[in-house]
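Asker: Structure in structure tokens, see below.
There are 2 protein chains.
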Amino acid sequence: MNTWLRLLSSLDGAVFSSPEELARLELSRALPEDSFALVPDPALGDGWRLSRSEGGWILRGGGTGLLYGAYSVILRRLADGELPEEEASSPRYSLRMINCWDNMDGTVERGYSGRSLFFEGGRCAWEPARMRELGRLLASVGLNVLCINNVNVHEPAQQLLEDSLPELARLADVFRPFGVRLMVSVDFSRPLHAGLPTADPLDPEVRAWWRGTAEKVYAAVPDLAGFLVKADSENRPGPYAYGRTHAEGANMLAEALAPFGGVLVWRAFVYNCHQDWRDTGTDRPKAAFEHYMPLDGQFAENVILQVKHGPFDFQVREPLSPLLLAMRQTAMAMELQLAQEYTGHQIDLYTMIPMWKELFEELPPNRITALAAVSNLGRDVCITGHPLAAVNLYTFGRLAWDPAVDAAGAVRDWVRLTWALPEAQEDVLTSLLLSSRRTYEKYTAPLGIGWMVNPHDHYGPNPSGYEYDQWGTYHKADRNAVGIDRTHAGTGYLDQYPEALRRKYGDPASCADLYLLFYHRLPYTWRMRDGRTLIQRIYDDHFEGYEETKALVESLKKLDFPAPDRELILSRAEMQLTDAREWCDIINTFFHRLSGIPDERGRTIYP
Amino acid sequence: MNTWLRLLSSLDGAVFSSPEELARLELSRALPEDSFALVPDPALGDGWRLSRSEGGWILRGGGTGLLYGAYSVILRRLADGELPEEEASSPRYSLRMINCWDNMDGTVERGYSGRSLFFEGGRCAWEPARMRELGRLLASVGLNVLCINNVNVHEPAQQLLEDSLPELARLADVFRPFGVRLMVSVDFSRPLHAGLPTADPLDPEVRAWWRGTAEKVYAAVPDLAGFLVKADSENRPGPYAYGRTHAEGANMLAEALAPFGGVLVWRAFVYNCHQDWRDTGTDRPKAAFEHYMPLDGQFAENVILQVKHGPFDFQVREPLSPLLLAMRQTAMAMELQLAQEYTGHQIDLYTMIPMWKELFEELPPNRITALAAVSNLGRDVCITGHPLAAVNLYTFGRLAWDPAVDAAGAVRDWVRLTWALPEAQEDVLTSLLLSSRRTYEKYTAPLGIGWMVNPHDHYGPNPSGYEYDQWGTYHKADRNAVGIDRTHAGTGYLDQYPEALRRKYGDPASCADLYLLFYHRLPYTWRMRDGRTLIQRIYDDHFEGYEETKALVESLKKLDFPAPDRELILSRAEMQLTDAREWCDIINTFFHRLSGIPDERGRTIYP
């Protein structure tokens, strides 16, 4: 679990009960030669200000601000050796959240780092020392909310608000000095389980039941961040069963939380997951906009609508969700996913910050009020499964603090903090990490089309795996053409965007290549702007993706990772190479069988 | 569990300890008005002879012969009211076997009738009364061997020969009066588990270990039929690990069983289940022949090589396995599958005897010495899941007794014994059952091509589900053509057959339509003998298959099945209709996307 904090000494046996105390402790232990005067300034909140003083530095901040400042100073000092004369920093978003999809049976939905850190066998099963390490990791990059259980609330997870509430309180106590507040995913239909005849959000008894539940929970965990809800999505219960809107559902829960300062985070991941593949009138990416835009302005003040960054579900390339651009009167969080569900299961190398930066280029600065990411953490020796996947947790923290963060700089900071590699190797590794997403994209589903993974487990290629299924994710490749026309002339998805984006993507002749098959249905003979045909571009990308992976593996072998990271990294690299070859060959064969068009460069495409 | 024995009174409380006693009991209870003199004649063995005498009949037979004669007489009398003046019957095969794929955790591999009848929670968990009903069902159609555990021997199934041996003995006691002997699937590598350093079949210690095991087992179950082994198949252990042949492996076990009269049944289902889809030099249906033909003549006398009826794995249409024709110096069993693994999971209606009869048309009468079928039984209210699936168990018994049995007659007997339907409805149902396989075949994978099912669970369509996988089951459909050329010019599979069959199937111009895509790769524009193109034939079959299913459902609704059978049958019929529509539309869309050729008759093919 050391990763970027490897240079800090263990917290075992350390005593501290507040972020401020922890800040002092960390500074004195990590930088004993330096002198820091810590000056609490509650007005600064999470923010901090560093200034040079005679013989040392003065660090001002709110309680958590002092802690974030301390970690920033420590990590800077350890990585660069330098500290600025003056610096002030405060986070862009007040809620910087990790969503764990951990089940109480110990499994982790879409988890690739082993079993749950929190649960086992239907019970809370966390180790205080490990939780402190986790709290420190989160705090060290400014993350301040941890939702510990799966949004798909399976029994007995609701016990966290009931019989297991004392355990939740103890866990909150562990995280509190790290400035990390807990959040809990709740089951919208829980009142039924409690014996009520309905879970209708407008029913007075239901409202009273949730108010009572909130009271009990906040009596045990006074600083709980709030509740997270997945409703009417993928067969979860929700307000639709009672003919109520999602605003009515969310507001009812928000009302219960309001007296305690809690927020209600409501996920906007709602679509028809029982679509008939024959139905071409429904286009899944339109769903969130259609469900939520009519409700803009109707949500209570302490509701946050959590919207996935793209309109589908964490594919390697999706445009920014139109909902994030359109909703002006609703507080929103953007949801990212550190767990590599569709992006290689923490086997294939996949550094996300270049993708995130692209999203923020499209997203006006104050459109969202919070940032959330699905966890990539687990109980494995390497807490992120793949040692190099820790870069995604680290850079997510940096991004949530400041979306203007420099991607290359943040990755490089992580590399330097994590290993003592020679500087030339740091350059190589930084560059490999930064290019890893493009490499993965090249050998998998082409040009924004998505969903060519194996169904259910989502690792490895299966070009028609979702083609006749109920999930609304079709490419309809035939002998002549591939893709879905999502322009005004097609499904109309593009109409959900502002005019500028409609223009940007609406014409296949000017649409960026990498989004081409997201928006358009095109013949294989379509001429790209660089003169290549579409089919040739698909072949080229796939051969290049595989070649780049071969080179990646060779490069990784030359880096001086220490044990056991080296073995973990290299064994996963070999698995990635196998995966890349399967992807490359299967996608090329799939399109060659359909199109009959050979590779212009005569490379092997299997029959 | 009544099915075709519904007219017999319950065995509850009945006392009998041998087949002969049971025969007397059954006759006296079922036909109290008739007088039967039972004359034991050990020389007749399983056979029996009925003759008219003054005031009654004389039934002669070995112990089991009397029992089989009794059931034959009873069922004939109950169904037809008539008995012949003279009749003699003896079974074609001395071993008529049911193979249960039941695991000791209570699951049944490829089971569609609920949980195991024998096991639960890692233990034997059978109910004597239910076992007696099962024994009676088997005996009533002449089945005499029951292998109770899965050929994939998962822990703790080997305990049947060890700690659970007393339970096995008690179970054998229950089945003995029914003339049913038990068989046990064993794990070839078991000596390793017992602490031996090897499971090498030529190792003296290993041989001694198996001899000792057989001694212990036969001390407890003196009439055990023998062992069943799946070795070196789908990741099961086997002699190949020690550089030994399968003859050496089988003979070693046979030697241990020989002193006790046991047989060693060795499955010939061996192929490369880790094939690279890119490898076109390997053709899975060739595998069994390649593995076993070189061993012909090397097997011990009490070894039976159990060969699946087709060279693949229980597809809706496969030619007869060439091994069954070629091996002349080896005792062989043909393996059928009552469990509808690839043929509708006991949801879709699928009566097998028309298919079996086709197999026996190709198979010389004395080429095999035994017949086996994978069980379709389980703990559901309806023991075969679908009430109409019981016809497959019944007719399998009839077939194993006499492969010359008339298919229509046997099905009609089953219908009449199972329900008291008006005669016109018996005709309708018999006809629906007899045509059900062709209907299923029409709407699923076309013309012998196989393997367009969903991977793993094997229900429902997935035209490319196995296309890039490791199982050696590819159709390689592209925009021009579909199928694998298995002639001499292709993979050479056809060369494994005798000359007459090579001629029969080798030329696509004369090859029977229904085997066309098993043997040949052909363009969609290929002209069939009836003038239709191949693609049109595919479309026609699929539309017809769906239309026939609609008609089937309507016909079933009109039949006067009693409760609860009626509800079970009609609810499954609705599921079959949904399945047939998915198959029809998906297969047509799949081939239309590839070929671009419209349906000549303008029916809807979805884009």
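So the protein lines, in turn, are chains A and B. So in the numbering used here, spot 97 of the first sequence is number 92, and the numbers just go up one at a time. So in the numbering used here, spot 312 of the second sequence is number 307, and the numbers just go up one at a time. By construction, the Cβ of each residue, glycine as well, lies at the ideal position given by its N, Cα and C atoms. Bear in mind the structure is a predicted one, so any value in this text is a computation, not a measurement.
1. Does any CB atom of chain B fall closer than 8 Å to the CB of A:D580?
2. Tell me the rounded alpha-carbon separation between A:N230 and A:G467.
3. A:L512 CB to nearest chain B CB: under 8 Å?
4. What do you get for A:E21, buried or exposed, if any count of 16 or more other CB atoms within 10 angstroms of its CB means buried?
5. Hey, A:R588 and B:D473 are a contact pair by Cβ (cut 8 Å); roughly how many whole angstroms apart?
6. Identify the residues that DSSP records as bridge partners of A:T528: which are they?
7. For A:P602, return the contacting residues in chain B, with the cut-off set at a CB-CB distance below 9 Å.
8. List the endpoints of the continuous alpha helix (DSSP H) containing B:G244.
9. What is the DSSP secondary structure of B:D508, reduced to helix, strand or coil?
10. Please give the ranges of any alpha helix (DSSP H) in the region 156 to 239 of chain B, keeping only runs that are unbroken, at least 4 residues long and fully inside the region.
11. For a test of the three-state rule: what should DSSP assign to A:Q293, helix, strand or coil?
12. So which of A:E77, A:L300 and A:D41 has the shortest CA-CA distance to A:F173?
13. Please report the distance separating the alpha-carbon of B:I378 from that of A:H381.
14. The alpha helix (DSSP H) with A:F31 in it runs from where to where?
15. Which whole-angstrom value describes the C-beta separation of B:W96 and B:S370, a residue pair presumed to lie in contact below a C-beta threshold of 8 Å?
16. Drop a sphere of 10 angstroms on the beta-carbon of A:S590, count the other beta-carbons inside from all chains shown, and report buried for 16 or more, exposed for fewer.
17. I'd like to know whether the C-beta atoms of A:G460 and A:L512 end up nearer to each other than 8 Å.
18. Terminal residues of the continuous alpha helix (DSSP H) containing A:L319?
19. Taking Cβ-Cβ distances shorter than 8 Å, what residues in chain A pair up with B:R588?
20. State the Cα-Cα distance for the pair B:I581 and A:I582, rounded to the nearest angstrom.
21. Using only alpha-carbon positions, find the residue among A:I93, A:C119, A:R118 and A:V169 that is nearest to A:G137.
22. With a Cβ-Cβ cutoff of 8 Å, do A:A295 and A:L219 count as a contact?
23. So is A:V34 buried or exposed if we call it buried at 16+ other beta carbons inside 10 Å?
24. When Cβ atoms are compared, which residues of the region 60 to 93 of chain B fall closer than 9 Å to chain A?
25. Whose Cβ in chain A lies nearer than 8 Å to the Cβ of B:S108?
26. Since A:P349 and A:A402 are thought to touch, with beta carbons under 8 Å apart, how far apart are those beta carbons, to the nearest angstrom?
27. Beta carbon of B:V216, beta carbon of B:L259: below 8 Å?
28. Establish whether the CB of A:Y463 and some CB of chain B are separated by less than 8 Å.
29. Run through DSSP, which three-state label would A:A283 get?
30. When the Cα atoms are used, what is the spatial distance from A:E243 to A:A124?
31. What three-state label does DSSP hand B:F114 in the structure shown?
32. In the DSSP assignment, what are the bridge partners of A:M642?
33. Determine the DSSP secondary structure at B:W272, reduced to helix, strand or coil.
34. Based on the DSSP secondary-structure assignment, which residues constitute the bridge partners of B:Q301?
35. For B:R55, does the three-state DSSP call read helix, strand or coil?
36. Under 7 Å Cβ to Cβ from B:V265, same chain only, skipping five residues before and after it: list those, please.
Answerer: Short version:
1. Position 585 of the first sequence, counting from 1, holds the residue named residue 580 of chain A. Taking Cβ atoms only, chain B reaches closer than 8 Å to A:D580, which makes this a yes.
2. The count along the first sequence starts at 1 and reaches residue 230 of chain A at position 235. The count along the first sequence starts at 1 and reaches residue 467 of chain A at position 472. For A:N230 and A:G467, the distance between alpha carbons rounds to 15 Å.
3. Position 517 of the first sequence holds residue 512 of chain A. For A:L512, the answer is no, since every Cβ of chain B falls outside 8 Å of its Cβ.
4. Numbered from 1 along the first sequence, position 26 holds the residue referred to as residue 21 of chain A. With 16 or more Cβ atoms within 10 Å of its Cβ, A:E21 is classed as buried.
5. As a first step, residue 588 of chain A must be located in the first sequence, where it is residue number 593. As a first step, residue 473 of chain B must be located in the second sequence, where it is residue number 478. Separation of the CB atoms of A:R588 and B:D473 is rounded to 4 Å, and the pair is thereby assigned contact status at 8 Å.
6. The residue given as residue 528 of chain A occupies position 533 in the first sequence. Answer is A:R522.
7. The count along the first sequence starts at 1 and reaches residue 602 of chain A at position 607. Close partners of A:P602 in chain B (Cβ separation under 9 Å): R273, T275, K471 and D473.
8. As a first step, residue 244 of chain B must be located in the second sequence, where it is residue number 249. Per DSSP, the continuous alpha helix (DSSP H) segment holding B:G244 begins and ends at H241 to L252.
9. Taking the second sequence and counting its residues from 1, one reaches residue 508 of chain B at position 513. B:D508: helix per DSSP, three-state reduction.
10. Those alpha helix (DSSP H) runs which fall completely within the region 156 to 239 of chain B and span 4+ residues are 160 to 170, 185 to 188 and 199 to 215.
11. Sequence index remark: in the first sequence, residue 293 of chain A carries index 298 (1-based). Coil.
12. Numbered from 1 along the first sequence, position 178 holds the residue referred to as residue 173 of chain A. Relative to the Cα of A:F173, the nearest Cα in the group A:E77, A:L300 and A:D41 belongs to A:D41.
13. Translated into positions along the second sequence, residue 378 of chain B becomes position 383. Translated into positions along the first sequence, residue 381 of chain A becomes position 386. Distance from the CA of B:I378 to the CA of A:H381, rounded to the nearest whole angstrom, comes to 49 Å.
14. As a first step, residue 31 of chain A must be located in the first sequence, where it is residue number 36. Taken as a continuous stretch (DSSP letters only), A:F31 belongs to no alpha helix (DSSP H), being part of the beta strand (DSSP E) at F31 to P35.
15. The residue given as residue 96 of chain B occupies position 101 in the second sequence. The residue given as residue 370 of chain B occupies position 375 in the second sequence. Contact between B:W96 and B:S370 holds: CB atoms are separated by about 7 Å, below the 8 Å threshold.
16. Your numbering for residue 590 of chain A matches position 595 in the first sequence. With 16 or more Cβ atoms within 10 Å of its Cβ, A:S590 is classed as buried.
17. For this step, residue 460 of chain A is matched to residue 465 along the first sequence. For this step, residue 512 of chain A is matched to residue 517 along the first sequence. It is not a contact, given that the beta carbons lie outside the stated cut-off.
18. Residue 319 of chain A sits at position 324 when you count from the first residue of the first sequence. Looking at the DSSP string, the run of the alpha helix (DSSP H) that includes A:L319 is P317 to A321.
19. As a working mapping, residue 588 of chain B is identified with position 593 in the second sequence. The answer, in chain order, is K471, A472, D473, R474 and L589.
20. Translated into the one-based positions of the second sequence, residue 581 of chain B becomes position 586. Translated into the one-based positions of the first sequence, residue 582 of chain A becomes position 587. Straight across, the Cα-Cα distance linking B:I581 with A:I582 is about 21 Å.
21. Position 142 of the first sequence, counted from the first residue, corresponds to residue 137 of chain A. Cα-wise, what sits closest to A:G137 is A:I93.
22. Here the question's residue 295 of chain A lines up with position 300 in the first sequence. Here the question's residue 219 of chain A lines up with position 224 in the first sequence. Taking a C-beta distance under 8 Å as the contact criterion, A:A295 and A:L219 do not qualify as a contact pair.
23. Counting from 1 along the first sequence, the entry for residue 34 of chain A is found at position 39. Counting the other Cβ atoms within 10 Å of the Cβ of A:V34 gives fewer than 16, which makes it exposed.
24. Answer set for the region 60 to 93 of chain B: empty.
25. Here residue 108 of chain B corresponds to residue number 113 of the second sequence, with the count starting at 1. For B:S108, there are no neighbours in chain A by C-beta distance under 8 Å, as the nearest C-beta there is about 25 Å away.
26. For the purposes of this step, residue 349 of chain A is taken as the residue at position 354 of the first sequence. For the purposes of this step, residue 402 of chain A is taken as the residue at position 407 of the first sequence. At roughly 6 Å, the Cβ-Cβ gap stays under 8 Å, so A:P349 and A:A402 are in contact.
27. The residue given as residue 216 of chain B occupies position 221 in the second sequence. The residue given as residue 259 of chain B occupies position 264 in the second sequence. Contact flag unset, no.
28. The count along the first sequence starts at 1 and reaches residue 463 of chain A at position 468. Residue-level contact by beta carbon holds for A:Y463 and chain B, with a gap shorter than 8 Å.
29. Here residue 283 of chain A refers to the residue found at position 288 when the first sequence is read from its first residue. Helix at A:A283.
30. Here residue 243 of chain A refers to the residue found at position 248 when the first sequence is read from its first residue. Here residue 124 of chain A refers to the residue found at position 129 when the first sequence is read from its first residue. One C-alpha to the other measures close to 41 Å.
31. Mapped onto the second sequence, residue 114 of chain B falls at position 119. Strand at B:F114.
32. Because chain A here runs from -4 to 602, residue 642 of chain A falls outside it and cannot be looked at.
33. Mapped onto the second sequence, residue 272 of chain B falls at position 277. Coil, per DSSP.
34. Taking the second sequence and counting its residues from 1, one reaches residue 301 of chain B at position 306. In DSSP, B:Q301 forms a bridge with B:R262 and B:A328.
35. Numbered from 1 along the second sequence, position 60 holds the residue referred to as residue 55 of chain B. B:R55: strand per DSSP, three-state reduction.
36. As a position in the second sequence, residue 265 of chain B is number 270, starting the count at 1. So the list reads D227, S228, A282, A283 and H286, once near-sequence residues are dropped.
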